[in-house]
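To convert, note that position 39 of the sequence shown is 39 in UniProt numbering; the numbers rise steadily by one, no gaps.
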Amino acid sequence: MKQLHARYPFLQSAREAVEAMDVAIVEIVQTDETVVERAIERIETALDEGVVGEPHRRDRVELLSYPVARVIVSLVDEHALTRKYANAEARTAQERLEYDRTQSVELKSTQREQLTVETLLSEFDIEGAVRETPAGYAVDVGTYLDLAADKRGDEWRLVNRKLSDGEVTLESTELLVLIRQAVKQRIDAGLPLAVPDEIAAELDGAVRRVNEALADLDLMRDIDTVVPELFPPCMRALLDDVQKGEHLEHHSRFAIASFLTSIGMTTDEIVDLFQVNPGFGEEATRYQVDHIRGDTSPTEYSTPSCATMQSYGDCVNMDDLCETIAHPMAYYEAKLDDADEDELVDWREAQAGES
Ligand code: SF4
Numbered sequence: 001m002k003q004l005h006a007r008y009p010f011l012q013s014a015r016e017a018v019e020a021m022d023v024a025i026v027e028i029v030q031t032d033e034t035v036v037e038r039a040i041e042r043i044e045t046a047l048d049e050g051v052v053g054e055p056h057r058r059d060r061v062e063l064l065s066y067p068v069a070r071v072i073v074s075l076v077d078e079h080a081l082t083r084k085y086a087n088a089e090a091r092t093a094q095e096r097l098e099y100d101r102t103q104s105v106e107l108k109s110t111q112r113e114q115l116t117v118e119t120l121l122s123e124f125d126i127e128g129a130v131r132e133t134p135a136g137y138a139v140d141v142g143t144y145l146d147l148a149a150d151k152r153g154d155e156w157r158l159v160n161r162k163l164s165d166g167e168v169t170l171e172s173t174e175l176l177v178l179i180r181q182a183v184k185q186r187i188d189a190g191l192p193l194a195v196p197d198e199i200a201a202e203l204d205g206a207v208r209r210v211n212e213a214l215a216d217l218d219l220m221r222d223i224d225t226v227v228p229e230l231f232p233p234c235m236r237a238l239l240d241d242v243q244k245g246e247h248l249e250h251h252s253r254f255a256i257a258s259f260l261t262s263i264g265m266t267t268d269e270i271v272d273l274f275q276v277n278p279g280f281g282e283e284a285t286r287y288q289v290d291h292i293r294g295d296t297s298p299t300e301y302s303t304p305s306c307a308t309m310q311s312y313g314d315c316v317n318m319d320d321l322c323e324t325i326a327h328p329m330a331y332y333e334a335k336l337d338d339a340d341e342d343e344l345v346d347w348r349e350a351q352a353g354e355s
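Laid out in structure tokens, this is it:
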């Protein structure tokens, strides 16, 4: 068994190594508590820290814990967990790859077999689309667009990249970020797996533990994050209107103000966010926001549901996610769950940075 497979269990060769061991998952979960324990740790650490933790000292345990973790994630079958888990596996792979690269530069040679960028490119069948240059890499624009599709941040937009002869120029660290996307897509693919009852019964306790960890996370999670680019389409449209100085009907003004209040914005912050509006009436907005918050009224009003938004004509630009939720807050929660936490820039922090 190669240590390489234990460190990078998503590789095709690692999968073949597991198959060559000729040991059924059901047998592992029935007999090897250490593997199951490390599989649970992979998932719990993914939820807590966004990575899957230190590898187990035994390569066999580390390698087998990966398919078992995938089975547990499938049994829990929560969209947020699957995304966080896939993200964490991919981030861990990127960190290990970066570490391996510094090791091979610093030590010139090492005992351990290492994964190279070239091997990874051919693993994902994109070796022909990426070329090493003196300054970093040049990536075929189609491949770039596929891999950067989920990346937020202006620096990833094609208009902001150097493009020549159908190739996008990247620094080597940026290429690693894109490779991480490819790893994530592979880990995500096929989840949730169909799990036979016999295996599911053995993993009952593991599933319970992961569900508890998820519930704790939900309790701890506060939607106190303001990322306008992740707002539901209806709220983005209303915010745009406010900022352009368009007149908003009372129900629309109420909808956007209650939404912003629900995601933890203070009256002052909402007034600041609205202030781009040339027709802005600060006193009236302040009064209205305070009223919605319950500061000047006995009732704290909550954000209208999608059904109410639709009945007032405030539901616009619906997208695929809208089809799966019934409340604008649920949309925003799902977007925050899916986002890579390192890439989230809170509007309030960005404002503080500018001032
Ligand atoms: S479906 Fe709901 S979240 Fe989506 S745009 Fe309409 S009101 Fe907003």
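All C-beta atoms, glycine included, are put in the ideal place defined by N, C-alpha and C.
Alpha carbon of residue i to alpha carbon of residue j, nearest angstrom
i           : j      : result
Arg15       : Pro9   : 7 Å
Lys2        : Gln114 : 10 Å
Ala352      : Ala257 : 21 Å
Asn317      : Asp146 : 24 Å
Thr45       : Thr92  : 11 Å
Asp197      : Leu75  : 10 Å
Val36       : Gly142 : 40 Å
Glu283      : Val271 : 9 Å
Tyr308      : Lys335 : Reading off the sequence shown, one finds Thr at residue 308, where the question assumed Tyr. Taking the straight line from one Cα to the other gives about 21 Å.
residue 357 : Val183 : This structure cannot settle anything about residue 357, because the visible part of the chain is limited to 1 through 355.
Glu95       : Asn87  : 12 Å
Ala6        : Val159 : 39 Å
Helix, strand or coil at residue i [DSSP, three-state]
i           : result
Glu132      : strand
Tyr99       : helix
Ala326      : coil
Ala138      : strand
Leu193      : coil
Ser74       : helix
residue 360 : Limits of the chain in this structure are 1 at one end and 355 at the other, which puts residue 360 out of reach.
Phe254      : helix
Asp216      : helix
Which listed residue (the options) has its alpha carbon closest to that of residue i
i      : options                        : result
Asp77  : Leu273, Glu282, Val195         : Val195
Arg209 : Thr119, Ala69, Glu282          : Ala69
Gly264 : Asp346, Leu11, Glu98, Gly53    : Asp346
Val29  : Asp319, Asp224, Cys315, Asp204 : Asp204
Arg286 : Leu273, Thr119, Thr267, Gln275 : Thr267
Gly118 : His247, Leu163, Leu175, Gly53  : It should be pointed out that residue 118 corresponds to Glu in this sequence rather than to Gly. For Glu118, the nearest C-alpha among the options comes from Leu175.
Glu127 : His291, Tyr144, Pro55          : Tyr144
Glu89  : Pro232, Leu11, Ala350, Ala17   : Leu11
Residue i vs residue j beta-carbon contact at 9 Å
i      : j      : result
Ile199 : Ile25  : yes
Pro328 : Ser311 : no
Ala80  : Asp338 : yes
Thr261 : Val226 : no
Ala138 : Glu167 : yes
Thr169 : Ala135 : yes
Leu47  : Leu193 : no
Leu120 : Leu97  : yes
Pro228 : Asp319 : no
Bridge partner(s) assigned by DSSP for residue i
i      : result
Asp125 : Asp125 is not bridged to any residue.
Val18  : None, per the DSSP bridge assignment.
Ser164 : Glu167
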